[in-house]
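In what follows, a single structure is set out as structure tokens and then discussed.
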Amino acid sequence: MLSLEKQILFLISSTEGIEVKRLVEIYEARGVDHQVIRNALLRMKKEGYLCSKERSKYEITAQGLDFITTINQKPILIGKPWDGKWLTVMFEVPESERKKRDSLRSDLLQLGFGALYKSVYVSPWDYVEEVLRFAKQYDLENRLTLLKGSFIPQEQPQFLVKKLWPLDDLNEVYGSKIKWFRSEFSSEIEPLIRAPSDGLALFVRFLELGELLADLTLKDPMLPEELLDKNWLGKACIQEMQQCLRQLANAIPLQSPYRSFVDSFL
3 MLSLEKQILF LISSTEGIEV KRLVEIYEAR GVDHQVIRNA LLRMKKEGYL CSKERSKYEI
63 TAQGLDFITT INQKPILIGK PWDGKWLTVM FEVPESERKK RDSLRSDLLQ LGFGALYKSV
123 YVSPWDYVEE VLRFAKQYDL ENRLTLLKGS FIPQEQPQFL VKKLWPLDDL NEVYGSKIKW
183 FRSEFSSEIE PLIRAPSDGL ALFVRFLELG ELLADLTLKD PMLPEELLDK NWLGKACIQE
243 MQQCLRQLAN AIPLQSPYRS FVDSFL
């Protein structure tokens, strides 16, 4: 799922339902064409993440809520101790069910798994519940095998993770984003926070930063600190951006129509 779609899903999950015209209004203020939003909504409805019980009004489904909850848990893993065990997911899905297989692979990668071999994925975190939910969603329960344990012979974990995830490239991305955040974004929002408003300008910047953070967390496997180099910038970048998001959310007036979208973040 694209970061824009994930963010729209997050916004809809924070309300009991939202009209298309409200979403269009919000994203046109960010320079996003209304058709892009409408296409994203239709795509997520087709995939089962949204439903539309009323004309031009969308609500999140149980599947959508499961997805957004799972993905939003990734930053919570920062600083969590690792037990040294790996979860391995193995599956064999025939070509006739290729679409299901590709969807499962995509979900595993977004969750943070690394591809050890073709159709063999590993993670240092215990995602058993999430994987089983994916398998049930795609009707692949009988085609998966899950194992948990250590690698033998015991390879240095740091060498293993560099084979599975492009951490050096991701660290460069974090470096560029944190530089932009500190030199440009932070200084631009200070006048907005001080000036009285209906909250739209603040909410637009909240969405801008939130979309960037969503994109970063989708790419980041959120590995334990024990598996990361000392020069890893991900933790500092994510925590600084999260703090800024809370600052922006708090600055949106209580009476603003956009406040309800950020209350769950506070």
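Just so you know, the sequence shown maps onto residues 3 to 268 in this note's numbering. C-beta atoms are modelled at their ideal positions from N, C-alpha and C, and glycine is treated no differently.
- Return helix, strand or coil for Leu44, following the three-state DSSP convention. Per DSSP, reduced to three states, the secondary structure at Leu44 is helical.
- Measure the alpha-carbon distance for Leu142 versus Gln257 and round it to whole angstroms. Their Cα atoms are separated by approximately 47 Å.
- Bridge partner(s) assigned by DSSP for Ser188: DSSP, once it has assigned bridges, lists no residue as partnering Ser188.
- Roughly how many whole angstroms lie between the Cα atoms of Val38 and Asp231? Rounded to whole angstroms, the gap between the alpha carbons of Val38 and Asp231 is 39 Å.
- Looking at the unbroken alpha helix (DSSP H) that takes in Tyr119, where does it start and where does it end? Per DSSP, Tyr119 belongs to no alpha helix (DSSP H); it is in the beta strand (DSSP E), Gly116 to Tyr119.
- Message: Between Glu94, Ile62, Arg196 and Arg207, which has its C-alpha nearest Glu186's C-alpha?
- Response: For Glu186, the closest C-alpha among the options Glu94, Ile62, Arg196 and Arg207 is that of Arg207.
- Query: Touch check for the segment 101-115 and the segment 245-254: three-plus C-beta pairs under 8 Å?
  - Reply: No: fewer than three Cβ pairs fall under 8 Å.
- Taking only beta-carbon atoms, is Ile240 less than 8 Å away from chain C? As a matter of chain content, chain C is missing from the structure shown, which is built from one protein chain.
- Query: Would DSSP call Leu276 helix, strand or coil?
  - Reply: Nothing about residue 276 can be read from this structure; the chain reaches only from 3 to 268.
- First and last residue of the uninterrupted alpha helix (DSSP H) at Leu134: That run of the alpha helix (DSSP H) goes Val130 to Gln139.
- Can you give me the start and stop residues for the beta strand (DSSP E) that Tyr60 sits inside? Run containing Tyr60: Lys59 to Ile62, per the beta strand (DSSP E) assignment.
- Message: Which residues does DSSP list as the beta-bridge partners of Met2?
- Response: With the chain represented from 3 up to 268, any question about residue 2 goes unanswered, as that position is not in the structure.
- Lys135 vs Glu94 beta-carbon contact at 8 Å: Per the sequence shown, residue 135 should be read as Arg rather than Lys. Taking C-beta atoms as the reference points, Arg135 and Glu94 fail to come closer than 8 Å.
- Message: Given this structure, state the Cα-to-Cα distance separating Ser188 from Gln245, to the nearest angstrom.
- Response: A straight line joining the alpha-carbon of Ser188 with that of Gln245 spans about 11 Å.
- Buried or exposed: where does Ala64 fall if 16 or more other Cβ atoms within 10 Å of its Cβ makes it buried? Per the 10 Å Cβ criterion, exposed.
- Item | For Lys164, three-class secondary structure by DSSP | DSSP places Lys164 within a helical segment (H, G or I) once states are collapsed to three.
- What do you get for Gly116, buried or exposed, if any count of 16 or more other CB atoms within 10 angstroms of its CB means buried? Looking at its Cβ environment, which holds 16 or more other Cβ atoms inside 10 Å, Gly116 is buried.
- Task: Reducing DSSP to helix, strand and coil, say where Glu56 ends up.
- Result: Note: Glu56 maps to strand in three-state DSSP.
- Sequence-distant residues of its chain with Cβ nearer than 8 Å to Asn233 (five each side left out): Excluding positions up to five away in sequence, the list reads Asn173.
- Item | Straight-line Cα distance separating Ser15 from Leu67 | So the alpha carbons of these two residues sit roughly 7 Å apart.
- Query: From Lys55 to Leu25, what distance separates their C-alpha atoms?
  - Reply: Near 17 Å, if we compare the C-alpha coordinates of Leu25 and Lys55.
- Query: Going by the beta-carbon positions, is the gap between Tyr176 and Gly81 smaller than 8 Å?
  - Reply: For Tyr176 and Gly81, no; Cβs fall outside 8 Å.
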